[in-house]
Amino acid sequence: MNKDTFKNTKRIEASLKKRYARERRFRLYGQLAVLTGFVFLFILLFDIVSKGSPAFTQQYLKITVHFDADSLGLGASPSEEDIRQANFSGVIKASLRDMFPEVTGRSDKRQLYRLVSIGAEYDLRDRVLDDSSLLGERKDIWLLAHSEAAAYLKGQVSRDIPEAERKLKDIQMDWLDTLRDDGRTRGSFNTQFFQYGDSREPELAGIRAALQGSFFTLLVTFLLAFPIGVFAAVYLEEFAPRNRITDLIEININNLAAVPSIVFGLLGLAVFINFFELPRSAPLVGGIVLSLMTLPTIIITSRAAIQSVSPSIRQAALGVGASKLQTVFHHVLPVAMPGILTGSIIGMAQALGESAPLLMIGMVAFIMDVPGSVTDPSTVLPVQIYLWADSPERGFTEKTSAAIMVLMGFLILMNALAIYLRKRFEVK
Amino acid sequence: MQTSTVFLTLLALCAVSFFVARHRSRLVGMAGGGLTTLNSLPKHYGYMAALWAGLPALALFVAWLVLESTVLQRLVVVTLPAEIQAMPPSEQGLYYNQLVAYALGNVDASQVSEAQVQGARYYSELATASKQLKMLLVSAVAVLGGLLAVLRIRPDFRARNHVETIFTSILFICSFIAVLTTLGIVLSVLFEAIRFFQVIDISDFLFGLQWSPQMAIRADQVGASGSFGFVPLLAGTLLISFVAMVIAVPVGLMSAIYLSEYASRRFRAVTKPVLEILAGVPTVVYGFFAALTVAPFLRNLGESIGLSVASESALAAGLVMGIMIIPFVMSLSDDIISAVPDTMREASLGMGATMSETIRKVLLPAALPGIVGGILLAVSRAIGETMIVVMAAGLSAKLTINPLEAVTTITVQIVTLLVGDQEFDSPKTLAAFALGLVLFFVTLMLNIVALYVVRKYREQYE
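Heads up: the sequence lines are chains A and B, in that order.
Each residue of the first sequence is one higher than the last, beginning at 1 in full-length UniProt numbering.
Each residue of the second sequence is one higher than the last, beginning at 1 in full-length UniProt numbering.
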């Protein structure tokens, strides 16, 4: 029509290119952000798995052991007590000397002894206790390798590192090479990792005690948090009058959900340990603290589940003469249960991964024995991870990663169960 | 084990009361001309009796457990020689603990004095008596309660209403535990903090620039007076949180925008749960990752370009904390962006704006208050995060804004002060509670403001 319109169109067309370019850039930023998240997740998981998977194999050395009664310090017919006291470490040393007769120097000998784990002597002791006919025999036995030697056999230590900077010396590597060439080394699945408690020696350390401690702690947490959480949710959804107290409770629940977990630890220390004098380091206190911490999660998800139950179910029950309480417990809760369970499992998963409040109440002790009850001193899996991560030995790094893999495995299982429950009952 | 025996006995008595009451209500009902003459079903009478038997006895039992050790200590201490009774409370406590340890057989006789052996004998007698009395009294109360309930069974007694009233109060108590927890946190932290401020001046704590909590164990030790200036800890905490937010906010916000506005439904359905795995990873795992992978990597990187990066740099801890918070920021912003009404989107697109223009000029300004609220929540989480900084941040308090240096945080100091055996009365231990108080209030304020902002924002579009 006129010149102005034409001019404007031109201008808009000229700017369009720029605007579209900007649109593409913005979109790219979004994609990059998502990608960044993925990359972080991948690096994290890859790092853990690559560090941790070697820990699931245990290295053994085949040593010809001479069960010489004299060097064991045993008489003709030794009692069980005698065998327990016997000098098995001397026998291992002698056997190693026999296998490498060329080793003479004192310090060389000491290096030689260091190929085999300290745990090997207990292994031999148990073998003799099982079968005393071994005494006097000469037998090839697979003995557990020391963690440094195992690291070399797994290819984690290279000769390129200057000798002064590594614990395993060249001469030890030579011996290990000889053993390997003779077919006297082997790796097998590390079952001890799941059978033993903590140890100062990386090759002997296991997560059994921590697993048991985690189990007891979660048991206490569940027994407290689940009923209390569900009851609280029922009260708030179905019975609570609109008044100040109800508002106070709701504000408190929302705030507790955001209180840092370590503050719950302070509460546990001041109230349960110092005031009520419950035992330190016990799963009982840990469970109580974690249940207070997970309560908000359980209450909030349970309320959502109860809310989503169709009002017609309530009305039907009330219509045939059920009381309010009967309506809730016989009709509303069973329908809401999958949702409640989903929320509770997620809360439990949170509790399983939590460690900060447990540090406060003393669950950081060095625990070798598997706890037998909720009042025994114990530790939990995440805290065990924390303790091992602090240890300087290389062997513990791989143990830490392996323990993390186990922990994450449990978490994935719990979350998968929660997702399954949600999917399964969502249809209704 | 004693505890569980009493508990099981109590449960058994409840069960017995239930059956007796149910049976008796049937008899009463039949005598009055059939079960329909009863106000409630027989099982309601049973429940009533069980509650009457169980609740008072349980209360007594719990009270006994709580008070037992204190009362025993009082009773034993009175019999001890006069010079022991004149001791200050902490020494007396130590003396008494030794005595108890001997009585339980944990310490042999060579380590305790004659008076303690005497006291221990008395203690053992008292403890046994207490055990028996506890069992007896708890059972008696249970039986009495059950009996009272059984005797009250009449055809016109409204047992169901009675039971339901009791049960509703139990439900109320359960929900009131949240309030009690908050109260417990505030009181426990506050009390210890007040004791701390009696020793250390509160203005020294809040404005002091020096943090070195080494206290002299004996009065005659030199040079270890300890200083409790809180500013370097706050600075360190804020520095690490800032680094975390620099990572988490752009990545989380852009991911949320992309997933809610651009991505296809299927892509979103797969991507979101995968990214949320990051939120489910335990913090101790992040700590390990930060300390053993990220920190050495950053140090080597710094070395290769000629920068000196501390091996416990704030950057490493902050970076990993940022990764942890990404899904948190993402799902909060996602909720908030989705809450912006579609009409606004459509109006903008209808005017010819591109998608990115719509997002930047319409959606984000509209969603800004909500996003700010979400970020505040994320900051509060970063400030309270413990394990990552315990494992990857430093211990020495340094007042710096250089993220390449090692700094320490409030949570790290709480953990270092409280882990391990410590005397509970020393300012060093009490300082942890003062820090806890500050931490609690800072996060509480952030949460209250954030929740308020988010709620206001939601109301705007409802």
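For glycine and all other residues, C-beta sits at the position ideal for the given N, C-alpha and C.
Between the CA atoms of residue j and residue i - distance to the nearest angstrom
i	j	result
B/ALA50	B/SER40	15 Å
A/ILE228	B/SER175	7 Å
A/PRO101	A/TYR113	13 Å
A/VAL259	B/PHE191	19 Å
A/LEU256	A/ILE361	19 Å
B/MET135	A/SER401	49 Å
B/HIS44	B/ARG22	8 Å
A/ASN274	B/MET48	37 Å
B/GLU303	B/LEU404	12 Å
A/ILE171	A/PRO357	47 Å
B/LEU451	B/GLY373	7 Å
B/GLU436	A/PHE264	According to the sequence as given, residue 436 of chain B is Gly; it is not Glu. When rounded, the distance between both Cα atoms is 10 Å.
A/ALA150	A/GLN156	9 Å
Chain B contact for residue i (CB, 7 Å cutoff)
i	result
A/THR217	no
A/MET360	yes
A/ARG19	yes
A/ARG184	no
A/LEU256	yes
A/LYS423	no
A/TYR420	no
A/LEU144	no
A/THR297	no
A/THR36	yes
A/PRO162	no
A/ASP108	no
residue 436 of chain A	Because residue 436 of chain A is not part of the residues shown, which for chain A are 1 to 428, the question remains open.
Closer than 7 Å to chain A by CB, residue i
i	result
B/PHE440	yes
B/GLU164	yes
B/PHE289	yes
B/CYS14	no
B/PRO282	yes
B/SER159	For the record, residue 159 of chain B in the displayed sequence is Ala; it is not Ser. Not one chain A Cβ lies under 7 Å of B/ALA159.
B/ALA63	no
B/PHE19	no
B/TYR262	yes
B/GLY184	yes
Own chain partners of residue i with C-beta closer than 7 Å, once the 5 adjacent residues on each side are dropped
i	result
B/ILE185	PHE440
A/GLU148	LYS167, LEU168
A/ALA349	LEU411, MET414, ASN415
A/ILE299	GLY229, ALA232, ALA233, ILE253
residue 471 of chain B	Nothing in the structure corresponds to residue 471 of chain B, since chain B is present only between 1 and 462.
Distance CB(residue i)-CB(residue j) smaller than 7 Å
i	j	result
A/LEU115	A/GLU203	no
B/GLY54	B/PHE18	no
A/LEU359	B/VAL419	yes
residue 429 of chain A	A/LEU153	Beyond the ends of chain A as shown, which are 1 and 428, falls residue 429 of chain A; an answer cannot be given.
B/LEU430	B/PHE172	no
B/VAL449	B/LEU239	no
A/VAL220	A/GLY268	no
B/GLN198	B/GLY229	no
A/ARG27	B/TYR461	no
A/ALA422	A/THR327	Reading off the sequence, residue 422 of chain A comes out as Arg, not Ala. No, they are not a contact pair.
B/GLY145	B/PRO56	yes
8 Å CB neighbourhood of residue i in its chain, flanking five on each side removed
i	result
B/ILE170	none
B/LEU72	TYR123, LEU126, ALA127, SER130
B/VAL296	The amino acid occupying residue 296 of chain B in the given sequence is Pro; Val does not appear at that position. Closer than 8 Å at the Cβ level, and outside the excluded window around B/PRO296, lie SER311.
A/SER71	ASN87, GLY90, VAL91, ALA94
Assigned exposure category for residue i - 16 Cβ within 10 Å defines buried
i	result
B/ALA244	buried
A/THR379	buried
B/TYR457	buried
A/ASN8	exposed
B/GLU83	exposed
residue 482 of chain B	No answer is possible for residue 482 of chain B: it lies beyond the span of chain B, which begins at 1 and ends at 462.
B/SER255	buried
A/LYS51	buried
Own chain residues within Cβ distance below 6 Å of residue i, not counting five before or after
i	result
B/ALA432	ILE414, LEU417, LEU418
A/LEU124	PHE88
beta-carbon residue i near the ligand NAP non-hydrogen atom, thresh 6 Å
i	result
B/ILE325	With respect to the ligand NAP, the structure shown offers nothing to examine, as it has no ligands at all.
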